[in-house]
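K.L.:
Following this message is one structure expressed as structure tokens.
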Amino acid sequence: MIRIENLSKSFGQKKVLDCIDIEFNNGKVYGIVGENGVGKTTLFRCISGLETYEGNISSDVDNLKDTLGFLATEPFFFSKITGKEYIRFLVNARQVKLTNIEDKNIFDLPLNQYISTYSTGMKKKLALTAILLQENKVFVLDEPFNGVDIQSNLLITEIIKKLRELGKTAIISSHIFSTLAETCDEIFLMKSGRILKKVDRKDFADLEAEMKEFSIGNQIAKLELK
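At position 221 of the sequence shown the residue is numbered 221 (UniProt numbering), and the sequence of numbers has no breaks.
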């Protein structure tokens, strides 16, 4: 369980997160949606212990950061490291014993190649594989489906469902609403650094319609396409 109370974050004079109160329970998958720049990534970085903030983040574990796997939109990699070395590095950081890495290479990545030779999608799949093998209790996934091929997206969807089965907590952002609708138990709508509302699964269709109306409206008509 993760409880966030009165969480705020500013960069200079710009307030990015504004008094957020939210709770994430074990064995559930949560989606965070909103336009670019509303604060989703900053919220994820605060939860993951990568940003300072005002307010409080508490959990039912002694040190949340040590049991949390964070998948960034653009994961960072050292230039001269292979895929296999990267996985071993992250797994060793959690003191998890790992054998037969090749058997766990479900995305069929070239693990003996330098990561600098990987495509954007391959890098994301490598980073996801590594945090999964860390045996984390909480997963914060920032745009896990972005830049990844459709077959891998299907696999990632099933992985997220498995995490729920195992009693893990997963928090996801995505611009592909259908992936959230298929995996999430609840979705939170963010705007201007605040959580506007929480939506249960039974109301996902209404939320999608609302977001389409807000985002699209009469914008296409303005183009006067012929």
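In this text, a Cβ means the ideal position worked out from N, Cα and C, and glycines have one as well.
With 16 other CB atoms within 10 Å as the buried threshold, where does residue 183 fall?
P.N.:
Buried: at least 16 other Cβ atoms inside 10 Å.
K.L.:
Looking at C-alpha atoms only, which residue of 225, 164, 206, 83 is the closest neighbour of residue 123?
P.N.:
Out of 225, 164, 206, 83, 83 has the C-alpha closest to the C-alpha of residue 123.
K.L.:
Give me the residue from 176, 74, 5, 66 with the minimum Cα distance to residue 58.
P.N.:
The residue with the shortest Cα to Cα distance from residue 58 is 5.
K.L.:
Here's the rule I'm using: 16 or more other beta-carbon atoms within 10 Å means buried, otherwise exposed. How should residue 65 be labelled?
P.N.:
Result: exposed.
K.L.:
Quick check: the segment 39–48 against the segment 162–175, are there 3 or more CB pairs under 8 Å?
P.N.:
A contact exists between the segment 39–48 and the segment 162–175.
K.L.:
What first and last residue would you give for the alpha helix (DSSP H) that runs through residue 206?
P.N.:
Looking at the DSSP string, the run of the alpha helix (DSSP H) that includes residue 206 is 204–215.
K.L.:
Can you tell me where the beta strand (DSSP E) with residue 54 in it begins and where it stops?
P.N.:
It spans 54–59 - the beta strand (DSSP E) in which residue 54 sits, taken as one unbroken run.
K.L.:
DSSP three-state label for residue 201, please.
P.N.:
Reduced to three states, the DSSP call for residue 201 is helix.
K.L.:
To which residues of the same chain is residue 116 closer than 7 Å at the C-beta, ignoring the five residues directly before and after it?
P.N.:
So the qualifying residues of the chain are 79.
K.L.:
Straight-line CA distance for residue 216 to residue 130?
P.N.:
So the two alpha carbons sit approximately 38 Å from each other.
K.L.:
For residue 202 and residue 28, what's the separation of their Cα atoms in angstroms?
P.N.:
The straight-line gap from Cα to Cα measures roughly 15 Å.
K.L.:
Looking at C-alpha atoms only, which residue of 149, 60, 30 is the closest neighbour of residue 187?
P.N.:
Answer by Cα proximity: 30.
K.L.:
By alpha-carbon positions, which one of 24, 52, 2, 221 ends up nearest to residue 9?
P.N.:
Per the Cα distances, 52.
K.L.:
Nearest-angstrom Cα distance between residue 26 and residue 137?
P.N.:
Each residue's alpha carbon lies about 9 Å from the other.
K.L.:
Would you decide whether residue 134 is buried or exposed? Buried here means 16 or more other CB atoms lie within 10 Å of its CB.
P.N.:
Residue 134 comes out buried.
K.L.:
Going along the chain, which unbroken runs of the beta strand (DSSP E) with 3 or more residues stay wholly within the segment 85–170?
P.N.:
Listed in chain order, they are 138–142.
K.L.:
Determine the direct distance from the alpha carbon of residue 156 to that of residue 12, and round the result to whole angstroms.
P.N.:
Cα to Cα, residue 12 sits roughly 37 Å from residue 156.
K.L.:
For the ligand MN, is there any heavy atom lying closer than 8 Å to the beta carbon of residue 113?
P.N.:
Absence of the ligand MN from the depicted structure is noted, as is the absence of any ligand whatsoever, leaving it without description.
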